[in-house]
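All residue numbers for the sequence shown refer to this note's numbering, where the first residue is 15 and numbers rise by one.
Cβ coordinates follow ideal geometry from the N, Cα and C atoms, glycine included.
This structure is a prediction, so every number in the text was calculated from the model and none was measured.
Notes follow once the structure below has been shown.
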Amino acid sequence: MRGTVRLFRVVFLLSVVLDVLWAAVPSLAEPKLVVFVLDRVSLRDVMNARAPAIQKLLSGSAVGLMNTVGASARTPEAAYVTISAGAHAAATSQAGEFAGAWERLEEGSAWEVFLRRTGVRTSKRAILCLGLPSILNANLERATGATPGALGGMVSQLGRTACIGCPDAPKPRASIERFAPLLVMRRSGIVDEGDVSSDLLRPDPSAPFGVSTDPIKLERAFLKTDAAVVVVDLGETSRAEAYRPWLAPEAALHHRLEAVRRADLLVRRLMRHVNLRHTVVCLVSGFPPLSLDGRVETPGFVSFTGLPAGVLASSTTQTPGLIANIDILPTVAELLKLRKPEDVLLTGSPARVVPAEGHLQGLCAFEGMIELERQMAAGPLAGVLGVIAGLLVLAASLVAVFSVAGRRAGEERGLPAKSGFDVLDG
15 MRGTVRLFRV VFLLSVVLDV LWAAVPSLAE PKLVVFVLDR VSLRDVMNAR APAIQKLLSG
75 SAVGLMNTVG ASARTPEAAY VTISAGAHAA ATSQAGEFAG AWERLEEGSA WEVFLRRTGV
135 RTSKRAILCL GLPSILNANL ERATGATPGA LGGMVSQLGR TACIGCPDAP KPRASIERFA
195 PLLVMRRSGI VDEGDVSSDL LRPDPSAPFG VSTDPIKLER AFLKTDAAVV VVDLGETSRA
255 EAYRPWLAPE AALHHRLEAV RRADLLVRRL MRHVNLRHTV VCLVSGFPPL SLDGRVETPG
315 FVSFTGLPAG VLASSTTQTP GLIANIDILP TVAELLKLRK PEDVLLTGSP ARVVPAEGHL
375 QGLCAFEGMI ELERQMAAGP LAGVLGVIAG LLVLAASLVA VFSVAGRRAG EERGLPAKSG
435 FDVLDG
């Protein structure tokens, strides 16, 4: 009898130890990197909208404003191809032509179109860059030396890649502009799996073009994939910007803030399934909204968990709070301990963290300064007003916020392990 009791105790203790050890090991199905794409908005838009989940996520992240320069025109496609390449790259209007292999197009299935254009047979689950030949030709013609797909190839060291979410705008603007897959596309133009089709949309009379992302379908697509790297195109803000030509200025701002609110609900829903002990979460706005007169005046922004809260800086810009889009690849490499591709041109540098109290408020003020400086370059009257407003903004915000209180950039701080909603609700 005593032997039986002793054996029971041993088995029980062993099971407890195994449970503890198993809890400390990441699930094989958990992604190691999740990227939320919240395009065509400024950081101030996010902070002014009803977006508690995104705001909480940003408050616990390292955040930086980001330039949006490419080797060709200042366009969203050039900005995203540049991030993909880790060097200033050229792009064409076809850069956003991504589709699931099974999607039906005018020329047949996307699988068939990709085969015709590239000569490559792929998995029927893949997400395909149908505009890959035009991207490669544009970079050859401009002799950029850039390699689109370098970032996607690098993060593939973690495992399979996926992209979900659809920013499509139906008629009167029905062109395919899906830029998010560029972040995980390999040089072959292939993402392993996902769903970027309009099947993820639902009718929504109050939203731009009368559609919005279906939260249940997006969550289902997120849970369906077992990829190690998942890019989620929230889509709402891209549609709001695409709808701007049909809107009065005040209505455009209203729709943009409402789009952020809807995107926030999607982030909150998906973050319930993310464990920040095992997963790095990145939020990126790779290209900003245009000004009323069609100019690019506001920078994009990017944030990362897994780093101390604060502002990002890099040797590329040498400016606390501002990094370059070419810095994303080396930053991801350092954060996730990945080997950078050695056979391609990389011109960025890894971002570091400058700890700062109230970093989001300071970045919003800095964003306003950048916008005013660009307005100054546009005309003399705007320049005078910009100088006055800029001095006030600087005096009120930047000096206090970007003070690091003697701490070195990147200094380690004791951060407890948190789940996704410890960050959002804690």
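Straight-line gap, residue i to residue j (C-alpha atoms, nearest Å)
i           : j           : result
residue 369 : residue 318 : 14 Å
residue 283 : residue 76  : 22 Å
residue 361 : residue 296 : 21 Å
residue 254 : residue 271 : 9 Å
residue 241 : residue 210 : 15 Å
residue 316 : residue 243 : 17 Å
residue 121 : residue 127 : 7 Å
residue 177 : residue 195 : 6 Å
residue 273 : residue 233 : 18 Å
residue 365 : residue 329 : 8 Å
residue 49  : residue 378 : 22 Å
residue 376 : residue 72  : 13 Å
residue 302 : residue 154 : 27 Å
residue 63  : residue 275 : 6 Å
residue 313 : residue 324 : 18 Å
residue 112 : residue 119 : 11 Å
residue 415 : residue 372 : Only weak support is given to the placement of residue 415: the predicted model assigns it a pLDDT of 46, under 50, and the question is left unresolved by the model.
residue 163 : residue 197 : 8 Å
residue 285 : residue 357 : 36 Å
residue 291 : residue 44  : 11 Å
residue 35  : residue 294 : Its pLDDT being 35, under 50, residue 35 is placed unreliably by the model, and the measurement read from it follows with that caveat. Rounded to whole angstroms, residue 35 to residue 294 spans 21 Å at the Cα level.
residue 166 : residue 347 : 11 Å
residue 139 : residue 204 : 10 Å
residue 229 : residue 66  : 17 Å
residue 269 : residue 257 : 9 Å
residue 144 : residue 110 : 8 Å
residue 263 : residue 334 : 32 Å
Check whether residue i and residue j have beta carbons under 9 Å apart
i           : j           : result
residue 343 : residue 173 : no
residue 350 : residue 46  : yes
residue 288 : residue 175 : no
residue 59  : residue 247 : no
residue 384 : residue 326 : no
residue 131 : residue 161 : no
residue 80  : residue 300 : yes
residue 199 : residue 354 : no
residue 492 : residue 225 : This structure does not reach residue 492, given that the chain is present from 15 up to 440, and the question cannot be answered.
residue 193 : residue 117 : no
residue 251 : residue 55  : yes
Candidates the options, of which the one nearest residue i by Cα
i           : options               : result
residue 9   : 347, 298 and 305      : Given that the chain is displayed from residue 15 to residue 440, the structure contains no residue 9 and the question cannot be resolved.
residue 231 : 208, 224 and 253      : 208
residue 87  : 380, 233, 234 and 156 : 156
residue 146 : 79, 98, 183 and 118   : 98
residue 114 : 217, 356 and 190      : 190
residue 239 : 227, 206, 388 and 151 : 206
residue 222 : 140, 91 and 261       : 261
residue 94  : 340, 357 and 352      : 340
residue 152 : 104, 96 and 220       : 104
As assigned by DSSP and simplified to three states, the class of residue i
i           : result
residue 230 : helix
residue 217 : strand
residue 118 : strand
residue 13  : The first residue shown for the chain is 15 and the last is 440, placing residue 13 beyond what the model contains.
residue 190 : coil
residue 10  : Outside the modelled stretch of the chain, which goes from 15 to 440, sits residue 10, for which no answer is possible.
residue 110 : helix
residue 249 : coil
residue 207 : strand
residue 334 : coil
residue 254 : helix
Residue range of the alpha helix (DSSP H) that includes residue i
i           : result
residue 263 : 263-285
residue 130 : 124-132
residue 168 : 164-169
residue 198 : No alpha helix (DSSP H) contains residue 198, which DSSP labels as neither H nor E.
residue 148 : 146-156
residue 92  : 90-99
residue 85  : From DSSP, residue 85 is part of no alpha helix (DSSP H); its letter is neither H nor E.
Residue span of the beta strand (DSSP E) that contains residue i, given as start and end
i           : result
residue 58  : Not the beta strand (DSSP E): residue 58 falls in the alpha helix (DSSP H), residues 57-62.
residue 368 : 366-368
residue 372 : It is not in any beta strand (DSSP E) - residue 372 carries neither H nor E in the DSSP assignment.
residue 320 : Premise fails: residue 320 is in no beta strand (DSSP E) and is neither H nor E.
residue 44  : That residue, residue 44, is in no beta strand (DSSP E); it is neither H nor E in DSSP.
residue 142 : 141-143
residue 175 : 175-178
residue 299 : 294-299
residue 76  : 76-80
Cutoff 9 Å: residue i Cβ touching any chain B Cβ
i           : result
residue 195 : Reference to chain B is not applicable here, since this structure consists of a single protein chain.
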